[in-house]
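Participant: Quick one: the structure is below, and I'll ask about it shortly.
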């Protein structure tokens, strides 16, 4: 090709090559045995020119190359680079990668509960560690030149996202920021904000996958392509992708089949199982079983595969199903290699713990090339699964969606069983962003020619909906930033109140709010034009129709208000009747899922504030715990009692009754039916409507009939225009309130927090008091509660195990609340201290309500959860793993994770506690040592 160049072109090309050789990028590129992609080169060049960069690219595209170039630049310039990640597993993985490249003397690791070579020029850490360093003014920040924020889209996370913004805002101006993100639809907006707060920032967006992705639907014995033959293979190419007509035809046929649930056979209702069997016989397709899917993919050369199941129990069940089906994906040599690796990685685990952890069943599955991967597993076990999967010795992994969050574990295929998952509140469709994140695991760069995303057929599946998920490559980045108590005292300590307020105004949350105001203002202007047109339409020649319409609205509002008052009165009567219930009362639940005969086990009358909701005693009322005639123990609410209830009968509840025992429930429910099954409750008589005797309603009706517009022939036409005018005017006023509410929202929340902290003597103007200095060292959701406990000496005199139990209440949150079960607590001083913690929280909760600090908006202190106190106490008291896990009814992985979080907060308590006339600091350190043993100590690097 060089012969085709003119002398001038050849000279220019030679100059370009020489110029590139003089850059830091040239030797960096030689460190890799593959060529860098254009977006990687563009980002590295921007970084070398002194700009910050935001790189938004799909999972598996190699964004971390840009982060590694920042490491390379820092070492070349004799400066430091901090590489931050959102989770410890990612930190451990990146630490291992960098040690392999640069050596252990140049790389450190800081993950809260682990510190390795923290003074090294390159330190990998979780984002929270860097945030804490910034607030503490750590000496480690000296000489810092670059900060890499991997998975920066985590700032959307409503629990931890604020930490990312805190770091971005507070990093010194001299630090160059490298932000690595999944593909988000508003990368330019995020880049504009970075440009505002960090200076010159280059936004590089890549939407092409390094390995083409094919989308499929597996139905019965056939694998359908989601799209017809395409040229861009799931990327954003110029070609238009058409849905596979065979798949559309199949969906129409199957989803329109109707099966009458009232079909009868021999005079009896057909059982569900029989209907399902008939359906499968009549249908050409079905949802393949898990072993069947893996065998099918194995036969077609599509393993290794990750099957995403949105349930831990489902992942474990899938492994068992494959074992029972006799599935074997490894040969004898592979089995032997698996055993050698597993035994080496788990050699430190005591043999008595292996049985408790299900080691032998886990090993058998691994030897066959099958594994589960979820947060309930021991971290060591998860790391072994990841290592074996990358080595190709585990070929089928059943995982929850947490695996999609950055862990380097790519597969040839990804399988989605369903497109619905539990989001903590309800079953909801997965979003396009979640679909992209999950299927992004398919296709291993440098190994696979193409990746495959396989969705299993489910009755009701809509191919067009699936195509929307697969075709929407991006999702918006939304800030979750909220000021906290700890943040407030740290900011005021460093910058004073006025400057702190200005800093918070530079957050991405406020940036987005301010931008959204522009669009709302335009809508208000359009509405004003519409209102003028509606006013013309409602003009009446007989009189002021706006006045007449107002009278009609006032009448409607008055009737609605009286109806609401009547409903409230009925609820109050019902609540009053509930307060009179006693254990042993037999009642009839009038409505709801559990309507019918029930026995009161506990009247559920609140003694103050409980369950974390303000005003519980007023709004929710009593919540009786009952045993229904169908043997269910349930906590009912006021909504189940629209009318007053009274005891129909009395029964004795045996002292031996255990609500968790099916036999106990069965026996007592049988006695309930025998005792009161024949009683028919009296029907509640409706009262006369208050509207019939209301003077205001009578006055308004008279005024309406007397108004001139009442006799207009076009009255109802005018009324329709008037109603449109009223609705549009109401909407416009709401928009104006939104504009007012979105301006300075973060600063107003900060002002309320500062006011509360001033009330509690944590702040005095721009001065941070001794109490405030203590709060500044306590990070976490319940930072203020922890500080108040130290101030009130609640934890003085506790043993290390008792202190561990109390601190656990600051971090633990049950995955599912269970109102019917009272958590087991240590006796004596620990129980008293936990009770005092709940009382202090109640006082803080009342203060937050007074200062309008709203927990629903992510600000404030939730109620401490005592559900882990007994497990923490037992473990810190040197009880065996078997005993602790059995009583806690908790997976080993969850147990280890909560223990590590307790250890983290105990370290903060030790640093914040008084050094004189106090045992807390010493016992907190002892509690850390007591917890950091066995599975907790050897669970992972970080």
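Numbering (the working numbering), first residue to last: 55 to 996.
Here a beta-carbon is modelled for each residue, glycine too, at the ideal position from N, C-alpha and C.
Bear in mind that the values here come from a model prediction, so they are computed numbers and not experimental data.
Would you check if there are 3 or more beta carbon pairs closer than 8 angstroms linking the region 142-162 to the region 208-216?
Facilitator: Verdict: no, contact absent.
Participant: Spatial neighbours of residue 577 within its chain, please: C-beta separation below 7 angstroms, excluding the five flanking residues on both sides.
Facilitator: Answer for residue 577: 789, listed in chain order.
Participant: Can you have a look at residue 936 and say buried or exposed, based on whether 16 or more other CB atoms are within 10 angstroms of its CB?
Facilitator: Residue 936 is exposed by the Cβ-count criterion.
Participant: For residue 612, which three-state DSSP category applies?
Facilitator: It is helical.
Participant: CA-CA distance, residue 512 and residue 635?
Facilitator: Distance between the alpha carbons of residue 512 and residue 635 is about 47 angstroms.
Participant: Can you grab the Cα-Cα spacing for the pair residue 647 / residue 678, in whole Å?
Facilitator: Approximately 15 angstroms, taken between the alpha carbons.
Participant: By how many angstroms is the C-alpha of residue 78 removed from the C-alpha of residue 127?
Facilitator: About 7 angstroms.
Participant: Measure the C-alpha to C-alpha separation of residue 715 and residue 685 and round it to an integer number of angstroms.
Facilitator: Rounded to whole angstroms, residue 715 to residue 685 spans 10 angstroms at the Cα level.
Participant: Threshold first: 3 residues or longer. Then list the beta strand (DSSP E) segments lying entirely within the region 121-189, N to C.
Facilitator: DSSP runs (the beta strand (DSSP E)) wholly in the region 121-189: 134-139, 161-164, 176-180.
Participant: Does the region 170-190 come close enough to the region 464-471 that 3 or more CB-CB pairs lie under 8 angstroms?
Facilitator: No contact exists between the region 464-471 and the region 170-190.
Participant: How is residue 427 classed by DSSP in three states: helix, strand or coil?
Facilitator: It is a strand residue.
Participant: In this structure, how does DSSP classify residue 219 when only helix, strand and coil are distinguished?
Facilitator: It is helical.
Participant: Check the C-beta distance from residue 957 over to residue 920 and give it rounded, since I have them as a contact under 8 angstroms.
Facilitator: The pair is not a contact, with the Cβ atoms about 18 angstroms apart (cut-off 8 angstroms).
Participant: Please confirm if the region 544-564 is in contact with the region 807-826, defined as three or more CB-CB distances below 8 angstroms between the two stretches.
Facilitator: A contact exists between the region 544-564 and the region 807-826.
Participant: Taking all protein chains shown into account, do 16 or more other C-beta atoms lie within 10 angstroms of the C-beta of residue 409, making it buried, or fewer, making it exposed?
Facilitator: Residue 409 is exposed by the Cβ-count criterion.
Participant: Suppose you measure from the CA of residue 583 to the CA of residue 122; what does that come to, to the nearest Å?
Facilitator: Spanning the two alpha carbons is a distance of roughly 56 angstroms.
Participant: Given residue 690, which residues of its chain have a CB within under 7 angstroms of its CB, disregarding the five upstream and five downstream residues?
Facilitator: Hits under 7 angstroms: 643, 648, 677, 678, 680.
Participant: Quick one: residues in its chain with C-beta nearer than 6 angstroms to the C-beta of residue 652, no 5 flanking neighbours on either side, listed in chain order?
Facilitator: Closer than 6 angstroms at Cβ, skipping near neighbours: 641, 643, 680, 682.
Participant: Might you give, ordered along the chain, the residues of its own chain that have their beta carbon closer than 7 angstroms to the beta carbon of residue 955, omitting 5 neighbours on each side?
Facilitator: Hits under 7 angstroms: 865.
Participant: Flag this pair as touching only if the region 877-889 and the region 853-863 have three or more C-beta atom pairs under 8 angstroms; answer yes or no.
Facilitator: Touching, per the Cβ criterion.
Participant: How long is the line joining the alpha carbons of residue 185 and residue 164, rounded to whole angstroms?
Facilitator: About 12 angstroms.
Participant: Exposed or buried, residue 833, counting other C-beta atoms within 10 Å across all chains shown (16 or more means buried)?
Facilitator: Residue 833 comes out buried.
Participant: Would you mind giving the Cβ-Cβ distance between residue 890 and residue 848, rounded to the nearest angstrom? I have them listed as a contact below 8 angstroms.
Facilitator: At roughly 5 angstroms, the Cβ-Cβ gap stays under 8 angstroms, so residue 890 and residue 848 are in contact.
Participant: List in chain order: all unbroken alpha helix (DSSP H) runs of 4+ residues lying wholly within the region 863-909.
Facilitator: Correct list: 883-904.
Participant: Just how far apart, CA to CA, sit residue 980 and residue 533?
Facilitator: One C-alpha to the other measures close to 39 angstroms.
Participant: Taking the CB atoms as reference points, tell me whether residue 361 and residue 273 lie closer together than 9 angstroms.
Facilitator: No. Outside cutoff.
Participant: Can you tell me the Cα-Cα spacing of residue 285 and residue 265, whole angstroms?
Facilitator: The predicted position of residue 285 is uncertain, since its pLDDT is 46 and thus under 50; a value taken from the coordinates is nonetheless stated next. If I take the Cα positions, the gap works out to 13 angstroms.
Participant: Under the rule that 16 or more other beta-carbon atoms within 10 Å means buried, what is residue 503, buried or exposed?
Facilitator: By the 10 Å Cβ count, residue 503 comes out exposed.
Participant: Assuming residue 381 and residue 422 form a contact by the criterion Cβ under 8 angstroms, report the distance between their Cβ atoms to the nearest whole angstrom.
Facilitator: The Cβ separation is near 6 angstroms, so the contact holds.
Participant: Pick out whichever of 697, 811, 620, 839 has its Cα sitting closest to the Cα of residue 826.
Facilitator: Taking only the C-alpha atoms, the option nearest residue 826 is 811.
Participant: Give a yes or no on contact between the region 720-733 and the region 747-760, applying the rule of three or more CB pairs nearer than 8 angstroms.
Facilitator: Output reads no: the region 747-760 does not touch the region 720-733.
Participant: Taking only the alpha-carbon atoms, compute the straight-line gap between residue 867 and residue 730 and give it to the nearest angstrom.
Facilitator: Residue 867 and residue 730: Cα-Cα distance of roughly 40 angstroms.
Participant: Can you tell me whether residue 88 is buried or exposed, with buried defined as 16 or more other CB within 10 angstroms of its CB?
Facilitator: Exposed is the call here.
Participant: The alpha helix (DSSP H) that contains residue 467, what's its start and end?
Facilitator: Segment 467-470 is the beta strand (DSSP E) holding residue 467; no alpha helix (DSSP H) there.
Participant: Check whether the region 942-954 and the region 964-975 touch, using three or more Cβ-Cβ pairs below 8 angstroms as the test.
Facilitator: No, the region 942-954 does not touch the region 964-975.
Participant: Run the CB neighbour count on residue 154, radius 10 Å, all protein chains shown included, and call it buried at 16 or more, exposed below.
Facilitator: Burial call: exposed.
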